[in-house]
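Throughout the sequence shown, residue numbering follows mature numbering (1 follows the signal peptide of the UniProt record, and there is no 0), covering -33 to -1, 1 to 144 in sequence.
Taking it in order: structure first as C-alpha cells, then the write-up.
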Amino acid sequence: MHFSKKLAGAAAVALGLATAGVWTASAASSATAADGDTQPSLVEDYSYPGAAAIQAQYHVTLISGDGHIVFADCATPPVDNVSVMQVRSTEDVGTNGLVCFKVLAPAGHLELRIPAVYEIRGDGRASGAGHKVKAEVTTDAGQHSTVDVNPSGSTQVGIGANPNNPPATLLQLTAAP
C-alpha cells in the first residue's frame, strides 16, 4: 500500500507539471497573438468632435474640452432662464461675429480660439440665473488675463472694455459651481 501512495503522489505531481506547461504555452501563444493586434488606444484625448467642420463653416477653432461646454446654435431657447453664452467678435466668425456655447453641467471646460473678441454674455436671461464662467483671453503681444463672465449679463473684453485696448483672443471658457 505504501508503494501505491508514493506512485499516486508522483503521478499527481507529473500531471500538475504537465498541465502547468500546457497552460504556460497557451498563455504565451495568447500573449503573442495579442501583441500582433492593433487595437486603438482607450485613452481619451479630449479633442473636440467635429472641430474641422465648425472651423470650416464658422471660423472658430475648437481645440479640446470635457463635453460640458459645447458649440451651440445661438437661437437655442432658454430653459429656466438659462440659454447660451454669446461671444461677439469683430472678425468673420460665427454668424455676423456671433458665436454661442451651451453649458451642460455645473462645471465644464473648453479650450478654443476666437480672435478679436470684445464681449462675452453669460447664459442667464434673468438676474441670478446662469453659470459662473471664467474666460481666459490673450492679446497678440502675449498679455494673458482671466475675467469673470457676468452670469446674466455682458462682460466687455479687449476693445469692448476700452477702444484703446488691443484685440483679445478668447482661449478658454471654464465653468465652475
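All C-beta atoms in this analysis are idealised placements derived from N, C-alpha and C, irrespective of residue type, glycine included.
Could you give the DSSP three-state label for residue i: helix, strand or coil?
i    : result
Y15  : coil
G127 : helix
G110 : The residue asked about is misnamed: residue 110 is Gln in this sequence, not Gly. The answer is coil: DSSP assigns Q110 none of H, G, I, E or B.
A96  : coil
Among the options, which one has its Cα closest to the Cα of residue i?
i    : options                  : result
D33  : V60, A72, P44 and P45    : A72
N129 : G97, V60, P118 and Y85   : Y85
Q22  : N63, S50 and L79         : L79
Q53  : H98, S31 and S14         : H98
V114 : E103, A19, G120 and A108 : E103
V46  : A20, Q24 and G91         : G91
V49  : I36, Q139, P82 and V70   : V70
S56  : Q24, P82, S112 and I36   : P82
I87  : N117, Y15, H35 and T28   : N117
E58  : Q139, P134, L29 and T141 : P134
T136 : S94, G127 and H35        : G127
T43  : N132, F68 and S94        : F68
A93  : L77, K101 and S119       : S119
I36  : V100, A96 and Q110       : V100
I30  : P144, A143 and Q139      : Q139
A108 : G125, Y25, G95 and S14   : G125
With DSSP as the reference, please indicate the residues paired to residue i in a beta bridge.
i    : result
C41  : None; C41 has no bridge partner.
K101 : D115 and T141
R55  : L65 and E86
S31  : S14 and E78
T136 : T105
I36  : V70
V60  : DSSP output for V60 lists no bridge partner at all.
G91  : V49
Locate the beta strand (DSSP E) running through residue i, then write down its first and last residues.
i    : result
T122 : S121 to Q123
A83  : G75 to R88
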